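When we follow this note's numbering, the leftmost residue of the sequence shown carries the number -9, and every step to the right adds one.
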Amino acid sequence: MQIEAATKSPKAALEFWKGKAPVSKAEFEALSDAARARAFAVSGLARRSQVETIHTALHQALEKGETLAQFKKRLRPLMERKGWTGKKAWRIENIYRTNMQSAYQAGRFAQMKATAKRRPYWRYVAVKDSRTRPTHSALNGKVFPHDHGFWDTWYPPNGFQCRCTVQTLSKRQVEAKDIQVESRVPRLVEPIDPVSGNRLPARPLAPDPGWAGNVGRDWLSGLAPRELDDGVKLVDLATKAICRQGSRSFAVAEGPYCKPDLAILEKRHILPVSKGYILPANLTDRDYAEAFLKEFGIGFNESVVHNIPTDFDEPIPVVISNLLLMRKKRNGLTLKATKRGRGPYMKLLARTIKSPYEVWWVPTIVSGRRYDTIRLIRLFSGQGADTGGFAVFNLIGNNWTGATVYQPDKNYIAELDKLRIGGLLYREP
């Protein structure tokens, strides 16, 4: 019985590509080191105009079905200016093959999902030649249900110039061939060396760094910051508040202009907590996570880019998804929305990210490394009280930490004020 191999869908691939936003390498890294889907950047190109040139050329190559040779010819002037010739010519081939494969695989994913009722099983297929990565080769022929979590991590491409693909199977095909359908993903594999044919030592089964996602399901997969591990401390290096004076300049400023007294803050800057914003204490991690994500208008398996406001030209983008509330365990990721009793206050944390009173830039040290931390703060009023609590959210590179305190003790204003240091990026007008 012949195994179906779905044809590539140029239309679906083009739709995926149109969603890729060209950004410079610096902008790309500011978003996340793991960006491989919605954002498009090219290592070695700092100027947005250069990135846009390649972005446009790739779109035209996809639309017109250009070969690698035609693509290189179109970009020859830029290649020569950047010195991407001779031994460095691999760069342009890497750009072409990786992005074409990503676009086509995103198109295939949409196509295969549309026929999943009739063909509910998917098989991982590696090329199995001398260029195939050993871990990819070890997965060759593995069959999982189309909705198995395996595909959230291992849907190809799974690395630069990865040529792996996926075949769909019907239930009848699986039964007729007595094909084993996997239920668990192995943590370790002993792959075969594609050149020598010898079995290699056991190694963790994982895609290449930055490729543990699914370009078809979620174009923002893997971009959300992760919470800092327990015991990791955030140490502030700043000791004073620096506020903008005039259009662009900064100066150390004391007093109400730079730091309005939180104890007498105008009520319009203190968000009222209406009934329903404090959740019951007996919900599950999933319930709390869904309540948090709903504040951003997304479901549990969805992502969205939220822009943190600043008083400068550009906001600070951060990806919101359930990964914000995941913790790494030996057997994978697990939800930790109830950590430190914060579950009932997840909506307040979301409100702080969505609508901060202040945003500060704070130089910090985490595990001996310096970071530029973005700190958001917000105060809340409770029923029958002027102030019912506060929340702090720290964005630290690709990580975050935060706290939500409701009905705090009388000294909380002073403690919160100590966190208002560094450079003031934004204050609610």
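Virtual Cβ for every residue (Gly too), placed ideally from N, Cα, C.
These numbers were taken from a predicted model, which means no experiment stands behind them.
CB-CB length for residue i against residue j, believed under 8 Å
{"i": "Tyr396", "j": "Ile268", "result": "7 Å"}
{"i": "Val263", "j": "Phe380", "result": "About 11 Å separates the two Cβ atoms, so there is no contact after all."}
{"i": "Tyr111", "j": "Val175", "result": "Not really, about 15 Å apart at Cβ, beyond 8 Å."}
{"i": "Val171", "j": "Pro135", "result": "7 Å"}
{"i": "Ile169", "j": "Val117", "result": "Not a contact, Cβ separation roughly 20 Å."}
{"i": "Gly387", "j": "Tyr361", "result": "5 Å"}
{"i": "Thr328", "j": "Asp275", "result": "5 Å"}
Enclosing alpha helix (DSSP H) for residue i [first to last residue]
{"i": "Gln163", "result": "Lys161 to Ala166"}
{"i": "Asp407", "result": "Tyr402 to Lys408"}
{"i": "Pro124", "result": "Pro124 to Leu129"}
{"i": "Ile343", "result": "Met336 to Lys344"}
{"i": "Leu283", "result": "Asp275 to Lys284"}
{"i": "Thr143", "result": "Phe140 to Trp144"}
According to DSSP, residues forming a beta bridge with residue i
{"i": "Asp362", "result": "Pro353"}
{"i": "Asp427", "result": "What the structure shows of the chain is the stretch from -9 to 419, and residue 427 is not part of that stretch, so it cannot be assessed."}
{"i": "Trp112", "result": "Phe134 and Thr158"}
{"i": "Pro419", "result": "Paired residue(s): none; Pro419 is not in a bridge."}
{"i": "Arg189", "result": "Ile182"}
{"i": "Glu348", "result": "Ile367 and Arg417"}
{"i": "Thr324", "result": "Arg317"}
{"i": "Val171", "result": "Val133"}
{"i": "Arg216", "result": "Asn389"}
{"i": "Pro270", "result": "Answer by DSSP bridge pairing: none, since Pro270 is not bridged."}
{"i": "Pro147", "result": "DSSP, once it has assigned bridges, lists no residue as partnering Pro147."}
{"i": "Gly412", "result": "Ala231"}
Residue interval of the beta strand (DSSP E) (run including residue i)
{"i": "Trp390", "result": "Asn389 to Tyr396"}
{"i": "His296", "result": "Val294 to Ile298"}
{"i": "Phe380", "result": "Gly379 to Ile386"}
{"i": "Leu255", "result": "No beta strand (DSSP E) holds Leu255; DSSP gives it neither H nor E."}
{"i": "Val309", "result": "Ile306 to Ile310"}
{"i": "Pro262", "result": "Ile260 to Pro262"}
Contact check, residue i vs residue j, beta carbons under 8 Å
{"i": "Leu364", "j": "Val349", "result": "Looking at the sequence provided, one finds Ile at residue 364 rather than Leu. Yes, they are a contact pair."}
{"i": "Asp407", "j": "Leu252", "result": "yes"}
{"i": "Arg316", "j": "Lys326", "result": "A small fix is needed here, since residue 316 is Met in this sequence, not Arg. For Met316 and Lys326, yes; Cβs fall inside 8 Å."}
{"i": "Pro124", "j": "Pro184", "result": "yes"}
{"i": "Gly333", "j": "Tyr278", "result": "yes"}
{"i": "Leu338", "j": "Arg216", "result": "no"}
{"i": "Ala214", "j": "Phe286", "result": "no"}
{"i": "Tyr114", "j": "Val179", "result": "no"}
{"i": "Val352", "j": "Ala228", "result": "yes"}
{"i": "Asn144", "j": "Leu129", "result": "According to the sequence displayed, residue 144 carries Trp and not Asn. Yes, these two residues count as a Cβ contact at 8 Å."}
{"i": "Lys306", "j": "Ile288", "result": "The question names Lys, but residue 306 is Ile in the sequence shown. The answer is no: Cβ separation not under 8 Å."}
{"i": "Lys230", "j": "Ile411", "result": "yes"}
{"i": "Trp201", "j": "Gly149", "result": "yes"}
{"i": "Thr394", "j": "Leu366", "result": "no"}
{"i": "Arg177", "j": "Pro197", "result": "no"}
{"i": "Lys257", "j": "His296", "result": "no"}
{"i": "Leu385", "j": "Val308", "result": "yes"}
{"i": "Tyr259", "j": "Glu405", "result": "The residue you asked about is not Tyr; residue 259 is His in the sequence shown. Against a cut-off of 8 Å, the Cβ pair of Glu405 and His259 comes out as no contact."}
{"i": "Leu218", "j": "Asn401", "result": "no"}
{"i": "Ile232", "j": "Gly413", "result": "yes"}
Where residue i falls, given that 16 or more other Cβ within 10 Å makes a residue buried
{"i": "Phe302", "result": "exposed"}
{"i": "Val225", "result": "exposed"}
{"i": "Val222", "result": "exposed"}
{"i": "Phe140", "result": "buried"}
{"i": "Phe282", "result": "buried"}
{"i": "Leu415", "result": "buried"}
{"i": "Pro346", "result": "buried"}
{"i": "Ala31", "result": "Bear in mind that a pLDDT of 40 at Ala31, under 50, signals an unreliable position, so the model cannot answer this."}
{"i": "Asn204", "result": "buried"}
{"i": "Arg37", "result": "The predicted position of Arg37 is uncertain, since its pLDDT is 40 and thus under 50; a value taken from the coordinates is nonetheless stated next. Exposed, since its Cβ has fewer than 16 Cβ neighbours within 10 Å."}
{"i": "Ser127", "result": "buried"}
{"i": "Gly266", "result": "exposed"}
{"i": "Ile254", "result": "exposed"}
{"i": "Ser22", "result": "With a pLDDT of 36 at Ser22, under the threshold of 50, the predicted position of this residue should be treated as unreliable, though the coordinate-derived value follows. Per the 10 Å Cβ criterion, buried."}
{"i": "Gly358", "result": "exposed"}
{"i": "Thr122", "result": "buried"}
{"i": "Arg162", "result": "exposed"}
{"i": "Arg108", "result": "exposed"}
{"i": "Phe99", "result": "buried"}
{"i": "Arg420", "result": "Coverage of the chain is limited to positions -9 through 419, which leaves residue 420 absent and any answer about it impossible."}
{"i": "Gly378", "result": "buried"}
Proximity test, residue i beta-carbon vs the ligand ATP heavy atom, cut-off 7 Å
{"i": "Pro184", "result": "This structure lacks the ligand ATP; in fact it carries no ligand of any kind."}
Test: residue i CB closer than 8 Å to a CB of chain B
{"i": "Arg417", "result": "Protein chains in the displayed structure number just one, and chain B is not present."}
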